[in-house]
Every structure is written in structure tokens, then in C-alpha cells.
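First residue of the sequence shown? That's 7 in the working numbering, and the numbers climb one at a time after it.
Here is the structure we will look at, set down as C-alpha cells.
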Amino acid sequence: MECVKGRPQPFGVEIRKDHINFAVQVPTGKKCELLLYKKGSMNPKYRFEMPEEKGIGEVRFLALQGLDTEKYEYNFQIDERVWIDPYVRELAGTKKFGVRMDVQKHQARGKFVRDAYDWEDDKRPHLAWNDVIAYSLHIRGFTKHSSSHAVHKGTYLGIVEKIPYLLQLGINQIQCMPVYEFDEYVQNKINFWGYGKGFYFAPKSSYASGSSAVKELKDMVKACHRAGIEVVLEMPFEAGISAQKAMECLKFYLLEYHVDGFVVNPYNVPWDELNADPLLKEVKIMKKEEGFQTIMRRFLKGDENMIRDVMWALKHNSSADGVCNSITAQTGFTLWDLVSYDGKHNEENGERNQDGPDYNYSWNCGAEGPSRKKNIIRLRKNQVKNAYMLLLTAQGTPCLLAGDEFYNSQKGNNNAYCQDNPVGWVNWSQWKEDDPLYLYVQQLIRFRKEHACLHQKEELRGIDRTSCGMPDVSYHGENAWQAKAEVASRQLGVMYAAVKGEDELCFLAYNMHWEVHKFALPSAGKGREWLLAADTEQGMLTEAGRMEDQKEIELGARSIAILINRKISGMTAGKIVGKAVRKTVENKVKGEMKDESDPAFSDHYKA
7 MECVKGRPQP FGVEIRKDHI NFAVQVPTGK KCELLLYKKG SMNPKYRFEM
57 PEEKGIGEVR FLALQGLDTE KYEYNFQIDE RVWIDPYVRE LAGTKKFGVR
107 MDVQKHQARG KFVRDAYDWE DDKRPHLAWN DVIAYSLHIR GFTKHSSSHA
157 VHKGTYLGIV EKIPYLLQLG INQIQCMPVY EFDEYVQNKI NFWGYGKGFY
207 FAPKSSYASG SSAVKELKDM VKACHRAGIE VVLEMPFEAG ISAQKAMECL
257 KFYLLEYHVD GFVVNPYNVP WDELNADPLL KEVKIMKKEE GFQTIMRRFL
307 KGDENMIRDV MWALKHNSSA DGVCNSITAQ TGFTLWDLVS YDGKHNEENG
357 ERNQDGPDYN YSWNCGAEGP SRKKNIIRLR KNQVKNAYML LLTAQGTPCL
407 LAGDEFYNSQ KGNNNAYCQD NPVGWVNWSQ WKEDDPLYLY VQQLIRFRKE
457 HACLHQKEEL RGIDRTSCGM PDVSYHGENA WQAKAEVASR QLGVMYAAVK
507 GEDELCFLAY NMHWEVHKFA LPSAGKGREW LLAADTEQGM LTEAGRMEDQ
557 KEIELGARSI AILINRKISG MTAGKIVGKA VRKTVENKVK GEMKDESDPA
607 FSDHYKA
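Okay, structure coming up:
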């Protein structure tokens, strides 16, 4: 092994045909050494000095010839402290999740990673923003629970095993919480989520079922691409990270791992610079915002003075802001908890329930936490369906939270950052292929995909852009073309027309009030009629039914209906629906709540 002249760029390790280059930033006046270990050893076998006088600025560098990368691992030592390479590509010694590694005892070391990987014919799906149905998940938490029945639980390959499930549901993009080597302990608690400091260029070894996290993350991306699923990585970065390093990291995952996008924290990285970079224009750059979430949660539970905000949220093209619409996310309540708890219950986090957001805009439907009362359970399930309807009929790009489609719960914990246990993992025990909620979500996603008017490319402006006689979006109430937006209003009718004029018109009637309301229907047009395609109680109808009354629809408490506009045909003339929409939902949701002493008979029902 021979030391030869190296180069100051790139940072980290660069493996070339005849030598290996090392470059690292070191403060002025500090001593620096390269440490080499026999693979698996915690005792350095070789030390190579990296003198300051041979460096440039604050960069030390050297190159080695004759180093067998298959047999060695490395670290740096600066003065008396051992340091892992900030640009390390993979770590050794971090295979077990939640076990604290002492770097000073050489328990974690850098691995040498060669770039050879057979991507075969891998191609990014390059989905249009308006065609995406995103799904937010945690690599470990998604399949770690025993009920997942995954062979490779809690790993990249566990995600691969669930690809058929994702396709069956209708998902075409997964958004993964941090997959890099992050600090697993924050204030002496397990950092399950992965936010904070980390070795951003190294995929997490404990998420691999075998010996190579690099290979398995690439295998996961390749398998997802073959299925037409995009892979987006959350890269929040720590505060104070240099813009240069953040840009290098994103480009690294773009080129080395073929990922399709990133969710970043715009407060920690230069948002405008990221969006202007010519290489990063190849992928989707995203950030998180809670505007849509807050509006829809408040509308869902029946808050007053929400109609104007709802109008905006339903028509807004969220991709223009680089965000996805969501009602629930990893940070906060699951959807089932959103309708089961008024307040957070984070006692298990050990912070006296002081952590996590205080304002969740949730409603427990009459009882805090688990309940055996059928009317409360029925109301909660009704609200879950309404939430999905609000999300999947809005124009922006929707993002579902993993497990919400089968009532996954975190027991009221809205900040499960340290819960590497069944609280933080997705519990699959309630999922069945014929589960009513799962089928409802699956069919609603399919309906959205089939109707271009529900996911248009451009921001809707409320004007007739195709000279078809209909504006791209219009609002209605008790009278057609007139929506009541006063403080007390909790109902809204919305009609969408596709820009190209080729798709069916869709009319959405949203009644988030605890009372029955009528909605006037715009004229169906000559030779056309309104058909009911779905409502909260019945879900997506197998066959759309003709409305008995073509001028109005009456909805029961807390319910949503979808109508489509088609040419009159003999196939639909015989099947008449309409009155059942109100009666079915009203009887199921409100009709059983006649005893005012029942906790479920809350102020929401005492109008």
C-alpha cells in the first residue's frame, strides 16, 4: 500500500482504477489522520497522516495505491477525536436499529462503495404532478409489525414486497421518511423518524435485510420504477447545512439512486436555488405545508366560516407551490385518531404530554379514544370516508398516509418520533382485501384517475376556457351558481369541467353540517342527465344511477355525494336514485343519536 499525491475534490472517497482518493474538511491548526481498519475490526491497522501544509485551505487530501477496498474500512481522526467521513457512502457497525454506536471506540466505520450496479433498463416514470397519487411511509415502520406478513420486515425489501399492495390500492408514488444514516438518539431517546443530523450520502444500514444498504435501496427504487411507482425521499437536512452540500447530496441521489424527487425543508436549504438547478429539474422538488390540511380538517369537523377557504383549497393546483395535499401525515394524528381524539395523548414519549402540536383541528365524535358505542364508531367511519372524499376530489396532488386506509391508530399519539414499537409501526391486522374502507379508497382513487376534470394540469380560474359553455370550476348552493359563503355556512356544491371538454362534468356536493341540506343542480344540458356516482355511505356505486330529481339533491348530515353528467341512455333510465342519498346517510349517522345524554350527542348536533 503506497501513499501518492491526491486531490482536494471531490469530498469523501473517490475510487479510481489505480488509486483511491480521500478528501476531508479540517479546521486550521488541527492534526488529521486517515484510519484504516481490517473489515469488521474496531482497531485501526494503518494510520496515514494528512498534514496541513500539504492541504489547500481547510481541505486535507491524499491518495492510496494498492488498497483492497473489499478488506478495509475507514475513518478520520482529527486531533484526539475519531470522525466519520461526512460524505461516507455506507457505514459498517450500524446494522442494528436503535443500538447506540460509540465512534470514539471505532464501533462505526466507513465502507468503501464501488459504483458498479446493474440498473438494467431502469427508467423514471416521470409522472405529471396532476396524475400522482402519493403515499407517505416510513421504511421501517411500514412493514416492521408482525401483522405485515412481510418476509423482510422493516427493510427496503419489505417495501418491494408491498408493491403489489400499493398498485392494487392505486398508488403511483411513495414518499419515504429519511433513509440516510441519521443520529438514532435525540435527548437520549430513539429517533425513530430520522429527522436531524445524519450522514446524508449513506443509506441506512439497519433498513437493509442483507449486507449492503446501497444495493437494496437501489433494488427498491428499480422495483418501484418497474411497477410505475415514483420514489421520493424526505431530505430535511439539519439547520446550518451549507447550500453546496445540500445540492451535492440531492444530485447524488438523483444520479446514483435514480430517485424521482425530494421533500426538503425550505428553511434549511435555498428553495429558489434548488428549483433553478438544471440537473434537479429532472425531478420533483417538494416542501411541506399545512394550509390544505388545516382547512380540510376544520371543514370536516364542521367549523364555521370555512367555505371561502374550502373553495380555494379544492381548486388550487398545489404543484405550483411544490407541495402535496394531505389531511394526515407522519407528524400528527393518523386519520382514525383524527376522528377519535380531541387532544393529543403523548404520555408514552416521556415528556409529560408537552411535545407535539396542541392544535390538531380534530374531533372525537362524542367520546375520547376507543369506544364501543356503535353510533360513535359509525360516525367516525363516516368522517374517515368524508376525509378521503375531500382529499381525492381536490385538484392538488393528494398524498395519503400509510395505514389510514385500514384505520391504523397510534393511540392518540400525534408525535410518535420516538416510538419504534407497535405504536409507531403500521398495524396491518385490520386490513383485509374486502375491507369496506380499503375498497372505498381504492375505488375513489380509480374514479379520480378516470375523470380528468378532478385532476387538471393548470390552476382553475372559474372561466370557460374551451368555449364549451361551462367554466372550469363553479360553485353552487341552495341555488345553482350561487354558493353561500357566510360565516354559518357549512355546505358547498362544486362543478368541474375538463379543460379539453372531453371528460364528463362532475358535481360534488359537500355537506359538513349536522343538518340536512338541499343542493340545487345546474342544468344537465339538452339530452343529458345527472347520475349519482358515489356518496359517503354507499361509496362508489357499481353503476351510476339516474337522479330522480334532476334539479336538486338532498344530503343528510355530514355527507358528500359525487354526481356525473352524461348523455341520456336507456342503460341508466331504469335505475333511479336520489332520495336514498339523504335517508341512508341521515339514518346511519344522525338517526341513532336521539338521547341527548349520550356523549356523542355533542354541541355539533344541538344546532
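For each residue, glycine too, the CB sits at the ideal point set by N, CA and C.
For residue i, is the classification buried or exposed, using 16 other Cβ atoms within 10 angstroms of its Cβ as the cut-off for buried?
i, result
"residue 273", "exposed"
"residue 568", "buried"
"residue 95", "buried"
"residue 2", "Only positions 7 to 613 of the chain appear in the structure, and residue 2 is not among them; the question remains open."
"residue 416", "buried"
"residue 336", "buried"
"residue 365", "exposed"
"residue 91", "buried"
"residue 155", "exposed"
"residue 172", "buried"
"residue 529", "exposed"
"residue 211", "buried"
"residue 615", "This structure gives no information on residue 615, because the portion of the chain shown stretches from 7 to 613."
"residue 115", "buried"
"residue 15", "exposed"
"residue 308", "buried"
"residue 313", "buried"
"residue 222", "buried"
"residue 360", "exposed"
"residue 559", "buried"
On the DSSP bridge assignment, give the partners of residue i in chain order.
i, result
"residue 502", "479 and 512"
"residue 62", "65"
"residue 355", "In the DSSP output, where bridge partners are listed per residue, residue 355 has none listed."
"residue 614", "The structure shown does not extend to residue 614, since the chain is modelled only from 7 through 613, so no value can be given for it."
"residue 87", "84"
"residue 534", "573"
"residue 541", "545 and 567"
"residue 401", "None, per the DSSP bridge assignment."
"residue 117", "79"
"residue 523", "561"
Please report the distance separating the alpha-carbon of residue i from that of residue j.
i, j, result
"residue 247", "residue 188", "14 Å"
"residue 421", "residue 362", "5 Å"
"residue 180", "residue 235", "7 Å"
"residue 151", "residue 213", "14 Å"
"residue 330", "residue 124", "32 Å"
"residue 493", "residue 300", "17 Å"
"residue 73", "residue 262", "24 Å"
"residue 538", "residue 552", "6 Å"
"residue 255", "residue 79", "22 Å"
"residue 458", "residue 344", "30 Å"
"residue 462", "residue 323", "8 Å"
"residue 531", "residue 554", "16 Å"
"residue 452", "residue 512", "15 Å"
"residue 202", "residue 225", "26 Å"
"residue 129", "residue 488", "48 Å"
"residue 589", "residue 385", "Here the model assigns residue 589 a pLDDT of 45, short of 50, so the residue's position is not dependable, and the following value carries that caveat. Cα to Cα, residue 589 sits roughly 15 Å from residue 385."
"residue 142", "residue 468", "32 Å"
"residue 351", "residue 479", "41 Å"
"residue 341", "residue 419", "12 Å"
"residue 12", "residue 111", "28 Å"
"residue 403", "residue 136", "6 Å"
"residue 21", "residue 161", "28 Å"
"residue 310", "residue 477", "27 Å"
"residue 38", "residue 46", "23 Å"
"residue 454", "residue 34", "59 Å"
"residue 333", "residue 465", "20 Å"
Should residue i be flagged as near chain B, meaning a C-beta pair shorter than 7 Å?
i, result
"residue 244", "As a matter of chain content, chain B is missing from the structure shown, which is built from one protein chain."
Under the assumption that residue i contacts residue j (Cβ atoms under 8 Å), give the Cβ distance between them as a whole number of angstroms.
i, j, result
"residue 153", "residue 435", "4 Å"
"residue 275", "residue 237", "About 20 Å separates the two Cβ atoms, so there is no contact after all."
"residue 522", "residue 562", "6 Å"
"residue 450", "residue 518", "Going by Cβ atoms, the distance from residue 450 to residue 518 rounds to 18 Å, so no, they are not a contact pair."
"residue 190", "residue 87", "Not confirmed; about 20 Å, so no contact."
"residue 574", "residue 543", "26 Å between Cβ atoms; not a contact."
"residue 412", "residue 444", "6 Å"
"residue 41", "residue 83", "6 Å"
"residue 293", "residue 267", "Actually they do not touch by this definition, with Cβ atoms about 11 Å apart."
Could you tell me if the beta carbon of residue i falls within a distance shorter than 6 Å of some heavy atom in the ligand COA?
i, result
"residue 504", "Looking for the ligand COA in the displayed structure turns up nothing, as the structure carries no ligands at all."
Just to confirm the assignment: which complete alpha helix (DSSP H) runs, minimum length 4, are found wholly within the stretch 124 to 185?
With a minimum length of 4 residues, the continuous alpha helix (DSSP H) runs that stay inside the stretch 124 to 185 are 145 to 149, 162 to 167 and 169 to 175.
Would you mind listing the alpha helix (DSSP H) stretches within the stretch 414 to 494 that are 4+ residues and don't spill past its ends, in chain order?
Fully enclosed alpha helix (DSSP H) runs of no fewer than 4 residues occupy 442 to 456 of the stretch 414 to 494, in order along the chain.
Entirely enclosed beta strand (DSSP E) segments - the stretch 249 to 307, minimum 3 residues:
The stretch 249 to 307 is shown to contain whole beta strand (DSSP E) runs of 3 or more residues at 267 to 270 and 290 to 292, in chain order.
Could you tell me which uninterrupted beta strand (DSSP E) segments, each at least 3 residues in length, are contained entirely in the stretch 355 to 387, listed from first to last along the chain?
Within the stretch 355 to 387, no complete beta strand (DSSP E) run reaches 3 residues.
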